[in-house]
Structures are given as C-alpha cells and as structure tokens.
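Be aware that the sequence shown starts at 10, since it is given in this note's numbering, and climbs by one per residue.
Even for Gly, the Cβ is constructed at its ideal location relative to N, Cα and C.
What follows is a set of notes on a single structure, which appears directly below.
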Amino acid sequence: MHIAYITVKMGRGGGVCDNSGQGGVLCRVDIESGKICSPATDDYFNVYDKHPDTGIVFRGYQLPMVDEAIALAKKAARKVPQVGHVGWDVAITPDGPAIIEGNDFPGTDLCQLYPHYPEKRGLWPYYKELLHIK
10 MHIAYITVKM GRGGGVCDNS GQGGVLCRVD IESGKICSPA TDDYFNVYDK HPDTGIVFRG
70 YQLPMVDEAI ALAKKAARKV PQVGHVGWDV AITPDGPAII EGNDFPGTDL CQLYPHYPEK
130 RGLWPYYKEL LHIK
C-alpha cells in the first residue's frame with residue numbers, strides 16, 4: 010500500500026463545508042510528520058499563509074491523529090482490495106478518525122497547485138516510480 014499525498018481541507022467564514030469551491034481551503038500535509046507543509050489555496054487560486062478566520066499559521070502546524078487516520082484508511086483499503094486506487098476522505102473527530110467516503114477516482118488537481126509543490130514536480134514522479142515507468 011502506498012500513500013500518494015495527504016491534503017487537509019477546512020472550512021472558513023463560519024461555514025461547515027470544507028469544499029475549496031465553497032469557501033474552504035486546503036493544504037498539503039507531510040506524510041511522515043503529519044505537519045502542514047504548504048500555504049493554503051482554494052479553487053480560485055487564492056493563497057493563504059494563515060487561516061483567514063483564526064490567524065493560525067498553516068506551514069508547520071501539527072495535525073492531530075494523522076497516524077491513526079492513515080491506519081484507518083489502510084484498514085478500509087484492505088476491506089475492498091478490488092479497488093486499487095482510492096482517495097479516502099477522513100474526518101478527525103473528538104472520538105478519533107472516521108471515514109467519510111472512499112473515492113475510486115480521487116482528484117489530483119487541487120493537491121498539486123503551485124503553492125503545494127513549489128519545486129514544480131507535483132505527483133508525476135511518485136506515480137512514475139510506483140508504476141515502474143522510465
């Protein structure tokens with residue numbers, strides 16, 4: 010099992026929707042540390058170093074329960090091995106991680122916006138290596 014990327018999505022402006030097209034923002038998360046490793050973006054190419062409502066700086070922020078969320082997604086993936094590529098939406102609740110849904114065609118567009126990959130390489134090197142493409 011491989012993890013291509015982790016993106017954290019959050020609402021803003023008092024909205025309960027985390028969708029980046031509905032006012033929410035998203036950041037890239039370092040898989041190893043569970044820390045946010047980019048500024049936030051939305052569907053309209055706005056970039057935020059801090060959460061617009063709370064002022065909390067995104068880059069370096071330690072997210073809770075990342076290891077537990079990864080373990081839960083891996084457990085779910087083992088339940089449906091016929092689906093070889095899944096994007097798991099996982100919520101962090103007061104009782105721990107909970108799966109919202111699994112997407113059999115997960116998006117790789119927003120997680121690759123320039124602020125998330127300033128080195129300008131995106132996810133292609135990861136998938137290329139995984140698929141043994143030269």
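The segment 63-132 contains, as complete alpha helix (DSSP H) runs of 4+ residues, the segments 75-88 (chain order).
Going by beta carbons, Ala13 and Leu35 fall outside the 8 Å limit. Per DSSP, Leu140 has no beta-bridge partner at all. In the structure shown, the three-state DSSP call for Tyr135 is helix. Going by C-alpha positions, Asp98 is about 31 Å away from Lys143.
In this structure, Gly43 lies near Gln71, with their beta-carbon atoms less than 8 Å apart.
With fewer than 16 other Cβ atoms inside 10 Å of its own Cβ, Phe114 counts as exposed.
In the three-state DSSP reduction, Ala49 falls in the strand class (E or B).
Its chain contains Leu132 as the residues whose beta carbon lies nearer than 7 Å to that of Thr117, once the 5 sequence neighbours on both sides are disregarded; these appear in chain order.
Bounds of any beta strand (DSSP E) do not take in Met10, whose DSSP letter is neither H nor E.
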